[in-house]
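Notes for the one structure printed next.
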Amino acid sequence: MKVELSLSELEVLSAALTRLKFDDVPPEPFFGSPHFAAAHGRILQSLIEASRAEGDVGRVARWEKWRSWQGREHERSLIRDYVSNLAIWNEWSDEQKIDFLATCAAPFTPSYVELRSLREEIDSSTHRHHEY
Numbered sequence: 082m083k084v085e086l087s088l089s090e091l092e093v094l095s096a097a098l099t100r101l102k103f104d105d106v107p108p109e110p111f112f113g114s115p116h117f118a119a120a121h122g123r124i125l126q127s128l129i130e131a132s133r134a135e136g137d138v139g140r141v142a143r144w145e146k147w148r149s150w151q152g153r154e155h156e157r158s159l160i161r162d163y164v165s166n167l168a169i170w171n172e173w174s175d176e177q178k179i180d181f182l183a184t185c186a187a188p189f190t191p192s193y194v195e196l197r198s199l200r201e202e203i204d205s206s207t208h209r210h211h212e213y
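Going by the working numbering, the residue at position 24 of the sequence shown is 105; the numbering climbs one at a time, nothing skipped.
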């Protein structure tokens, strides 16, 4: 199935999905959904590719910069708070945790180092939580 959307429609859809996911309280079941993350990622990739095809290098650069994780303290805080309250978190391997954090961060693209740092921060806080 293929859905044709204009660049403006893709931008509006991406903005709506980002607001749904990161406004204040992470919405269930979307926040940790790999399907939601993949769909939003494909929307952004389509937007970037269509902009590139049109020769709009400025739009491409803006969207690629927007996807960057650097400076995303609000999103980082939401993810940290959300994950810190998951009972299953401490049962997962480090790689499962990293994968889940990448899903939660989508459509933003933190590096492996940034994801590992966030995992370590969460592990440290959940460990302290369970000491008492």
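Ideal Cβ positions, reconstructed from N, Cα and C, are used throughout, including at glycine.
Exercise for the section: Indicate whether Ala187 and Ala118 have their beta-carbon atoms separated by less than 7 angstroms. Expected result: yes
Problem - Buried or exposed (CB count within 10 angstroms, at least 16 for buried), Lys178 - result: Per the 10 Å Cβ criterion, buried.
Problem - Three-state secondary structure assigned by DSSP to Ala186 - result: In this structure, Ala186 counts as helix in the three-state DSSP scheme.
Exercise for the section: Can you tell me which of the three DSSP states Glu90 falls into? Expected result: helix
Exercise for the section: Under 7 angstroms Cβ to Cβ from Leu159, same chain only, skipping five residues before and after it: list those, please. Expected result: Phe103, Pro107
Handout entry: Sequence ranges, alpha helix (DSSP H) only - wholly within the region 140 to 210, length at least 4
Key = 154 to 165, 175 to 186
Exercise for the section: Return yes when the Cβ of Arg148 is within less than 7 angstroms of the Cβ of Thr214, no when it is not. Expected result: The requested residue 214 is not part of the displayed model; the chain covers only 82 to 213.
Handout entry: Phe117, DSSP secondary structure in three states
Key = helix
Handout entry: Whole-angstrom distance between Ser192 and Phe181, CA atom to CA atom
Key = 14 angstroms
Practice task
Look up Phe103 in the DSSP assignment and say whether it is helix, strand or coil.
Solution key: The three-state secondary structure of Phe103, taken from DSSP, is helix.
Practice task
Closer than 7 angstroms by C-beta to Phe111: which residues in its own chain qualify, once you throw out the five before and the five after it? Chain order, please.
Solution key: Leu101, Lys102, Phe117
Handout entry: Cβ pair Trp144, Ile129 closer than 7 angstroms
Key = A contact, by the Cβ cut-off of 7 angstroms.
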